[in-house]
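Protein chains in written order, with this note's numbering: chain A, 1475 to 1729; chain B, 2 to 266; chain C, 256 to 753; chain D, 23 to 285. Beta carbons are placed, not taken as given, at the ideal position from N, Cα and C, and that holds for glycine.
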């Protein structure tokens, strides 16, 4: 759009120049200044279509052809897919090695069981810093295994000091657990959030269950734990690197 | 003067170029109707008619051990519930489509499309399956959805049963789980630990001061001082509809695409 | 000199005719633009609320009618039918009258039909918010409203068709192809989709398929041709140059006409309908890059050498932004619809980003260009403030770029995480969090920008614009006084004449 | 500009042409849509529809049978109410207060009447343990006042009279059955202490077996030893039902030696 203050530019035909010559149309100009300033819509140019546009279109067509190829037979209106066999998706549950160190085997199982615990203690084992104590860096987890096992099985009530802070919540009992499950979840919390480096064997866990059954029902307190249970569980320790079958947890030869 | 000449030239060029247009109105409309009509026929009308006359699939004696028409097991207030689902925009965040494995990987998720179960020999069978055209039976519009802000709901009724085993849940039945989820999604668990939740649909519930013993209809697990929460008819229809969304029935051999089946052949 | 004065007379007659056409249309056109802009503000407020809710689910969630599940559909529908369609009607009505060189004789009917359309949008929005939405994306208005829209549409646009039919026979201008095609495509698409979804008792999956097709058909067969028609008018009009290439325009137009109607069903890829249909839709969306390239090259080549005008003229600046968005739309459409990526984008935030890019980045920017050109002509006042226009432009550009980048990038990550079927689905939901926050901020920017636009437009509607012979340009000489030239020079002209 | 191309006729025809072209695909859809309204005979929708119809008619048939029974019972109740007199709904085991039956009975005097031919049970007749079990269960109702061990409520202002060692319990069977049918009011002297119940003992017209069982239970528990009570004895005393509430004066005097035949 031109500005009338500019000197007339002969290369740019526009209405403003012509109207300025015709005095009798000034009134009209007042009515339609914008219309008067408009340029004519010129005729369409006849440049040929550039080769590059065709090349680019051909590339796009190629891509589109590839997309179309994924659609199977064109215009076959069967709503059930033809020649289709489902790709079976391998999930964590049925993949991975079937033989490996017992530490890995137990931790992997323990991770699934820990999903229950993560609601309070958090998926990273840090608790919530207020009501639910952390598991990471807690002496109760890294210390004697019998004590830990009894907390898990019986639940806990009353104040407890964890990592320099007193927590006063109530933990519900997690029993019934099988010995293998207890061993797995204890191994998991001791090694995932802490670096204890040993495993809790199924045999040890079975002994913990015996102690649990001989004790009256009800949540355990810190006092009772420290008085009676501050020791390691009985049972033959097993080297965490022992190769076992993931399914049975029985020793197996490495492949 | 020069300017005037230029103006004249522009106009005369206009007149010279004003040759008859090869694209007449009739040709233009015809071409337009044709370019629109072909896809209109091929991807709207014809498939619409075909799908309207969707053939039933049958269980065959040879392959399935019984001989009957496959009709998905589905019961509940589907029509009303589906309308409530739409009117409250559930489809904005939730989808209802398990894509075939060439188009997506929902089938790989353990609980979205069906479960892995153990048969009597202890062999794990994956019952997960794609959405079939029969899954939306009873609805007038398939709420396929826009985006997955929330999880897919194709198998939500099957999945909720598993949520009830969660020791932290407050719900004692699938209905109550859904009522709690709809009323305030963080009320489902005892820890109120629900980061990205569904917006509260409190307008689907009636809050009422408790008189006497309280209503047996009230949603359990919501503790508010002297106020009980009752699901309205909309909430009941919606929950009934959601509980009809499940993928746990066996489909006939002819629309079962699992590799296990192919192996058996 | 005789022939010169003849041609001058011709020019002045011509100018007089154009002034008469503009005058005959001033009420309907301004009505569509102003009510469209008002609905735009409503849509943006709703968009801001829904976007905020998508990362803070507690926001307003206790208020039934402002629940996310209702605000989001209301936002999208008001944006399309309240702003998009009304802006398109204003543009079609004015451009067709100008291009056919016919005065409008039915302004009253258009205005009445426009009021009915607005009532429909209002009733539809309230219907959605109060829980009577139909639950079908982009068709959420209660089902009583669509026949009303069709009738109202007919009485708004049929006059433009008549004007075209009654115009002087001769060469049809490129913009006219697009506008005429849009006139036909809208009822074809709208009526077909609503009949197949609401009236016929079909298979539910096919109803969903028609609904998915409707979205893309509305974008490619209505908003796109209107925006391109406007651009094909403005670019040569403001620069005074011919459109670069007629064959290229022809190629671009028919490419759109042939490709457009196939797109849309890729939303149901892998679903239980004939397997080829979603992939035909995906392929068509990829192919949209071809008309985008043709149009982009043609219009940008037309503007070549007029960079100063692109910088200074509000209309051209918005048009260039719109055409650039169209090219981006084509590229994004190609990127997002190849089968391996479609898996991820089918149900992620990208779909929203693509729609917003089409409706807001492309169509609305071209429509703003048209509005900045048309309004001074029909009101006979110049835009009041170059600053308002500048703020509107930049806030919208930054906002839309952020929305689109956040939605498309966030959606790709979101989709990739969803495809990782071995990790918990909640992880995928968390990934999109940061991007939804970005989207909210961007909607705030866009809302702020459009408030300037709405205010500016309402002032113009109230005939409070500048009385001047000189257009409001975004760049101009500064002489210490107004950059637009002397104020009120038209009134002085009047006085002198008297 | 009024040229040959722009005339009213052209405008008019263009209007209708526009309408026709705008609606072209809608009209085509409508025409084709008529074909869609009914799915084919062997399509899934029709099969499903037929199946649903069959299930529905089965349910309706089942309902229809049940409905008849319900309707019949409605008419019986209605008829009974229409017969207005409260005695209309009286059954042998229920006598409505204020009804003619009750008035007739009241006219016969307030004392416990032992009917002729009241069955006699030997004091050393064996006690069936199953009856004792049943009686113990029913006694749960009684234990509210009489205590779980029949100790009564001596400490609470001597309200609940004890059953353990009570001469009334081991006394005439007719007294005990009558109390079950008529209730008992007023202070009563048991083991030399006067007990004043806070509320009268309400009549508890259970079926014969239950009454017999609970009475057998109290007569043979808490250190008591007396003859069991048979359902026949209870049946024989049915005439007491509907008479006004007993006072201790209406009862037959307890016989100090347990186990003897009443009367």
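Chain C partners of residue 1550 (chain A), CB-CB under 7 Å?
529 and 531
Secondary structure at residue 328 (chain C), three-state DSSP: helix, strand or coil?
helix
Taking 7 Å as the CB-CB limit, is residue 1532 (chain A) close to chain C?
It does not; no Cβ of chain C falls within 7 Å.
Given this structure, state the Cα-to-Cα distance separating residue 1596 (chain A) from residue 45 (chain B), to the nearest angstrom.
51 Å
Tell me which residues share the same chain as residue 187 (chain D) and place their Cβ nearer than 8 Å to its Cβ, disregarding the 5 neighbours each side in the sequence.
213, 244, 245 and 246
Whose C-beta lies closer than 7 Å to the C-beta of residue 522 (chain C) among residues of the same chain, with five residues either side of it excluded?
467 and 601
Residue 54 (chain B) to residue 48 (chain D), Cα distance in whole Å?
22 Å
Which residues bound the alpha helix (DSSP H) around residue 127 (chain B)?
Per DSSP, residue 127 (chain B) belongs to no alpha helix (DSSP H); it is in the beta strand (DSSP E), 125 to 127.
Please confirm if residue 1667 (chain A) has its CB atom under 7 Å from at least one CB of chain B.
Judged by the 7 Å Cβ criterion, residue 1667 (chain A) is not in contact with chain B.
I'd like the list of long-range same chain contacts for residue 1668 (chain A), defined as Cβ closer than 7 Å, with 5 residues on each side in sequence excluded.
1610, 1611, 1615 and 1616
For residue 365 (chain C), I'd like the list of residues in its chain whose CB is within less than 6 Å of its CB, leaving aside the five on either flank, ordered along the chain.
Scanning its chain for C-beta atoms nearer than 6 Å, with the 5 sequence neighbours on each side dropped, one finds around residue 365 (chain C) the residues 283 and 411, in chain order.
What residues in the segment 333 to 355 of chain C bring their beta carbon closer than 7 Å to a beta carbon of chain A?
Of all residues in the segment 333 to 355 of chain C, none has a Cβ within less than 7 Å of some Cβ in chain A.
What does residue 416 (chain C) reach in chain D if we use C-beta pairs closer than 7 Å?
36 and 40
Could you tell me whether the Cβ atoms of residue 676 (chain C) and residue 110 (chain B) are closer together than 7 Å?
Yes, they are a contact pair.
For chain C, find out if any of its Cβ atoms is closer than 7 Å to the Cβ of residue 33 (chain D); answer yes or no.
Flagged as an interface residue toward chain C: residue 33 (chain D), by a C-beta distance shorter than 7 Å.
For residue 225 (chain B), count neighbouring C-beta atoms within 10 Å of its own C-beta (all shown protein chains included) and say buried if the count is 16 or more, exposed if not.
exposed
What's the C-alpha gap between residue 261 (chain D) and residue 174 (chain D)?
The alpha-carbon atoms of residue 261 (chain D) and residue 174 (chain D) are separated by roughly 29 Å.
With DSSP as the reference, label residue 470 (chain C) as helix, strand or coil.
helix
Please work out which residues of its chain come closer than 7 Å, Cβ to Cβ, to residue 238 (chain B), disregarding the five sequence neighbours upstream and downstream, and give them in chain order.
78, 81, 82 and 85
Out of C:717, C:572, C:391 and C:378, state which residue places its alpha-carbon closest to the alpha-carbon of residue 462 (chain C).
C:391
Taking only runs that begin and end inside the segment 49 to 81 of chain D, name each unbroken alpha helix (DSSP H) of 4 or more residues, in chain order.
Segments of the alpha helix (DSSP H) lying fully in the segment 49 to 81 of chain D: there are none.
Name the chain C residues that come within less than 9 Å of residue 27 (chain D), Cβ to Cβ?
420, 421, 422, 423 and 424
Going along the chain, which residues of the segment 35 to 51 of chain B sit with their C-beta nearer than 7 Å to a C-beta in chain C?
36, 37, 40, 41, 44, 45, 48 and 49
Indicate the three-state DSSP secondary structure (helix, strand or coil) for residue 449 (chain C) in the structure shown.
It is helical.
With a threshold of 7 Å between beta carbons, is residue 1480 (chain A) in contact with chain C?
With a pLDDT of 45 at residue 1480 (chain A), under the threshold of 50, the modelled position of this residue cannot be trusted; read the value that follows with caution. So, not an interface residue.
Can you grab the Cα-Cα spacing for the pair residue 1723 (chain A) / residue 1585 (chain A), in whole Å?
16 Å
If you follow the alpha helix (DSSP H) that residue 682 (chain C) is in, where does it begin and where does it stop?
680 to 686
Here's the rule I'm using: 16 or more other beta-carbon atoms within 10 Å means buried, otherwise exposed. How should residue 1633 (chain A) be labelled?
exposed
Pull up the CB-CB distance for residue 402 (chain C) and residue 379 (chain C), whole angstroms please, since I reckon it's below 8 Å.
Wrong, their Cβ atoms sit about 12 Å apart, outside the cutoff.
Anyone know if the C-beta pair for residue 281 (chain C) and residue 633 (chain C) falls short of 7 Å?
Their beta carbons are under 7 Å apart, which means residue 281 (chain C) touches residue 633 (chain C) by this criterion.
Cutting at 7 Å between CB atoms, please list the residues of its own chain near residue 1631 (chain A), excluding the five before and the five after it.
Only 1644, 1693 and 1695 meet the Cβ criterion.
Within the chosen definition, does the segment 349 to 359 of chain C reach the segment 408 to 423 of chain C through at least 3 CB pairs nearer than 8 Å?
yes
Check the DSSP bridge columns for residue 206 (chain B) and list the partner residues they point to.
B:232
For residue 357 (chain C), which three-state DSSP category applies?
coil
Using the Cα positions of residue 605 (chain C) and residue 670 (chain C), report the straight-line distance between them to the nearest angstrom.
Within the model, the alpha-carbon separation for residue 605 (chain C) versus residue 670 (chain C) is close to 9 Å.
Consider the Cβ of residue 1508 (chain A): report whether some Cβ of chain C lies at a distance smaller than 7 Å.
yes
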